[in-house]
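Input: a single structure, listed below in C-alpha cells.
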Amino acid sequence: MKTSAFLLRAGAVALYALFISGVSAQTTLHVPADFPAIQSAIDQAQEGDTVLVSPGVYYENLQLRGKNIVLSSRYFQEADPADVIRQTVIDGSQPQHPDTASCLLIWKGETNATVVQGFTFRGGKGTVWIDPAGFGTFREGGGILTEFSSPVIRHNIIRDNLVTPGGAGLVSVGGGGIRCGEGAVRIENNYIVHNRAEGYGGGIVLNYCPDAVVIHNVIAFNYGGKNFSGGGFWTTGANQNTVNLLKNNTIAFNESPGPASQYGGKGGGVWAFSISLKMENNIIWGNTQAVGKQVANSGAVMDILYNCIETGMPGTGIIADDPLFRDTTGFILEAGSPAVDAGNPDPDYNESSANGRRAGFPARGRLRCDLGAYGGNPPLSNPAFGPSFLPAPLFSKVRNSPTATTAADSRSANWVDVDNDGDLDLFISNGPQAGQNNMLYLNNGAGAFSPLSSDPLVQDGKPSDGASWADFDNDGDVDCFTVNWYNVHNLLYSNDGAGHFTQITTGAPVTDNGYSETAAWGDYDNDGKVDLYVTNSDGNKRNFLYHNEGNASFQRITTGSPVTDAFISRCVNWT
C-alpha cells in the first residue's frame, strides 16, 4: 500500500531493508569504514550478508559473484533518503577492461534474495555478452546487467549510462539502463532516465525473463531502438508462454530513432517480441518513434488494461488524454489529471490513506488506483518515492480547473464541505458594484471540481465581499451567510445537508442594509447556538450583532459597545 509521504522512515525501512527480502541480517560490511572499495566488501561477504555503503562516488564496475546479499546505501537510515541515493554513486566510466564496463554485473545464479537498493548508477558503458540463445554477440547493460539471475533491483537512480556501437562482431547494443536475461528479475521503484543504447531498449531490456515484474518505475528520456525498437522498455521471450508484467510505470519521452525497418525504429515507449506482456495501470506518453505507435509488438500477446497511452490502444480502460504531469522531473500528476483514479477499480489495487477517503501523496484523488508510477497498491515494504530523488516544489499552479479558468470579480474564497461527503468544496464571493453571482464548486474528491449553477446560493447577483459558514440551525451541516457592500442587504442560506440551499428572506440578519465586509459566527453567550457579528466599512454604518434565538430566528442587538462604538471596520474574529 502506498505511504502518505514518499520519504522513507528510518526505523521501518531499516527493518524492511534487511529482512523483507527474505534474507536474515547476518554480518554487515561497511564501506568505506571496513573496506575501502565496494567490490572488496562483496568479495568478503557471505550468503545473507549486507554490504552497506556510505555516500561517495565509487568508480567501480562491480560483480556480485553468485552471492545472495543485500547491496545497499544508507538511505534507509537517514532523514532524507533521496539525498543519500543521489550522493551514493557507482560510476562505471573507468572500467579495468573496456568490454566489462557495466556498473554492476549479476550473472552467476543469484536469486531473489539478492537485493540492490539505494544507489545512483551512472557512466556505465555495457558489457560484451554472447547471447545464450545463439543470436550472436552484443554489448548490453550500461547501468546493470543480469543473466541467469533473479535479483530485486529497487529504489535506485539509473541515469546517464551510454552503450554505443563499436567493436568487431557486435550484432547490436541494448539495455542502456538495465539489461536482464534468463531470470525472474523484479525491477521496482527506480528512476531510470537519460540512458542510451542505440540498438534497442534505451531504458530496460528483458531478454527471456519469465515472470519478470517491472513496477512503479519512472522510465523517461531514454534513447534506443534503431535496430530492434523499444526506446523506453523492450522485452522478448522464447514464445508467448513467457509472461512479463509491466505495471504502474510512467514511461515518458523516450525515443526509438529511425530509419524504420522490419524491427527497428518502433515502439518509442514499449516494444514486445514473441512474448506475453501484461500492461496494467501505466502511463505511456510523449514517446517518439520513426514509425507506428508508442506501444508496438511483433508476435506478442498484449494484455492491456487501464493504461493512459497517447497514441491509443485497444483494451479495457484505455484513455488517451494528456495525463497532466506536474513537471517532467518527478512526473507527479496534477490534481485534476484524467489519470487520477483511472486505474483498475478492483479494491485490491486501492491506495492507502490517512483518513480512509483520499489517497496519500504522491498518489492523488480518492483510493482508486491512479495510473503511472505513483498509483496502486505495492506491498508496504516497497513504497513508491521516485520524485523524492529530485525534490519538487511544494505547490504547482492548477491551470485546467473551472475554479481557475472562470473569470469573475472575486473578493474572497472559502473551503467548506457543503455536501458532507468528506471533500472540501470551494465557494467564491464576487463583488462588482453592479452585482455578480457567487460561485460554488463541488469537489469530486480527486481534485476535480464541478460548478453548481442552479441553486439559490449562486443566483443572488449581489456585490458580495465574503461569506462566513456555520451550522446556525444545529441540523448537522454548514450554512452560509454572505456579506454585501454598496448598501445592499446581506444574505443567509440554510443548507439541507446535501449541498442544496434555501434562502432566508425575512427577519434579521437579512433585512439590514449595509456596507458589510466580513462576518463571523460565534456562540458569545454559551447557549449552544452560534451568533453573528457583521462589520461595515462605509456609509456611516455601525456594525451588526445578531443573537441566535433558534428556529432560524435572530434578534439584532442594538445596545452595548460592540455595536455602538465600532464602524468603518474591515475584519472580525471571535477568539
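Each residue of the sequence shown is one higher than the one before, counting from 25 in the working numbering.
Just so it is clear, CB atoms sit at the ideal spot from N, CA and C, and this is done for glycine as well.
Using C-beta distances below 7 Å, list every residue in its chain close to residue i, excluding the 5 sequence neighbours before and after it, in chain order.
i	result
Leu414	Confidence in Leu414 is poor, its pLDDT being 43 and thus under 50, which makes the residue's placement too unreliable to answer from.
Ser518	Asp497, Asp503, Phe525, Thr526, Ile528 and Ala576
Thr340	Leu329 and Tyr330
Val47	Caution is warranted here: a pLDDT of 40 is assigned to Val47, below 50, making its placement in the model unreliable, and no coordinate value can be reported.
Trp439	Leu448 and Leu450
Gln483	Asn461
Between residue i and residue j, is the Cβ-Cβ spacing less than 7 Å?
i	j	result
Phe473	Thr429	no
Gly200	Asn246	yes
Arg163	Val187	yes
Gly116	Ala125	yes
Ser561	Ile528	no
Thr274	Ile299	no
Gly167	Asn185	yes
Glu358	Leu348	yes
Gln120	His179	no
Gly289	Gly256	no
Gln264	Val319	no
Ser492	Asn462	no
Asn136	Val75	no
Val94	Val139	yes
Thr112	Pro60	no
Gly282	Gly254	no
Gly248	Ala221	yes
Ser173	Gly207	yes
Ile132	Gly90	With the sequence shown as reference, residue 132 is identified as Lys, and Ile is not the correct amino acid for it. Yes.
Leu129	Gln70	no
Tyr82	Gln118	no
Val209	Ala244	no
Arg390	Gly446	no
Pro436	Ser453	For clarity, residue 436 is Ser in the given sequence; the question names Pro instead. Contact: yes.
Arg203	Gly165	yes
Looking only at DSSP bridge pairs, what is residue i linked to?
i	result
Glu164	Thr151 and Gly198
Tyr247	Arg220 and Glu279
Lys303	It should be noted that the sequence gives Met, not Lys, for residue 303. Bridge partners of Met303: Leu270 and Ile328.
Cys602	No answer is possible for residue 602: the residues shown for the chain start at 25 and end at 599.
Ile356	In the DSSP output, where bridge partners are listed per residue, Ile356 has none listed.
Ile228	Ile202 and Phe257
Tyr373	Tyr373 is not bridged to any residue.
Ile177	Val140 and Ile211
Gln318	Answer by DSSP bridge pairing: none, since Gln318 is not bridged.
Tyr548	None, per the DSSP bridge assignment.
Asp449	Val440
Met463	Ile452
Ser434	Asn454
Leu481	Leu481 is not bridged to any residue.
Ile592	According to DSSP, Ile592 bridges with nothing at all.
Phe349	Leu357
Glu171	Gly205
Trp509	Answer is none; Trp509 lacks a bridge partner.
Ile343	Cys332
Leu186	Arg220
Kindly list the residues whose CB is nearer than 6 Å to the CB of residue i, restricted to its own chain and excluding five residues on each side of it in sequence; keep chain order.
i	result
Ala494	Trp545 and Val554
Gly500	none
Val55	Ile62, Ala65 and Val77
Val242	Tyr215, Thr274, Phe355, Ala397 and Gly410
Thr542	Gly490, Thr559, Cys595 and Val596
Glu212	Arg178, Ile239, His240 and Asn406
Phe505	Ser492, Leu516 and Ala543
Leu269	Val237 and Lys302
Can you name, in chain order, every residue of its own chain whose Cβ lies under 8 Å from the Cβ of residue i, other than the five neighbours on each side?
i	result
Trp598	Ala544, Trp545, Gly546, Tyr548 and Tyr557
Gly396	Asn272, Asn273, Thr274, Asn305, Asn306, Ile307, Cys332, Pro347, Phe355, Leu357 and Ala363
Ala344	Cys332, Ile333, Glu334, Thr335 and Gly336
Ala416	No answer about Ala416 holds up, because its pLDDT of 47 lies below 50 and its placement is not dependable.
Tyr287	Asn251, Phe252, Ser253, Phe297 and Ser322
Please confirm whether any heavy atom of the ligand FAD lies closer than 6 Å to the CB of residue i.
i	result
Ala103	Within the structure as shown, the ligand FAD is missing, as the structure has no ligands at all.
Query - Those runs of the beta strand (DSSP E) which lie wholly inside the stretch 81-158 and span at least 3 residues - result: 94-97, 112-115, 128-130, 139-141, 144-146 and 150-154
Query raised in the report: Do the stretch 564-574 and the stretch 535-554 meet, that is, are 3 or more Cβ pairs less than 8 Å apart?
Result: With a cut-off of 8 Å, the stretch 535-554 and the stretch 564-574 count as touching, because enough Cβ pairs lie within range.
Requested in this report: Count the CB pairs spanning the stretch 275-283 and the stretch 361-379 that are closer than 8 Å, and state whether there are at least three.
Outcome: no
Query raised in the report: So does the stretch 428-448 actually touch the stretch 307-325, counting three or more Cβ pairs closer than 8 Å?
Result: no
Query raised in the report: Are the stretch 212-232 and the stretch 377-392 touching by the rule of at least three beta carbon pairs closer than 8 Å?
Result: Output reads no: the stretch 377-392 does not touch the stretch 212-232.
Report task. List in chain order: all unbroken beta strand (DSSP E) runs of 3+ residues lying wholly within the stretch 526-579. Result -> 540-546, 555-560 and 568-574
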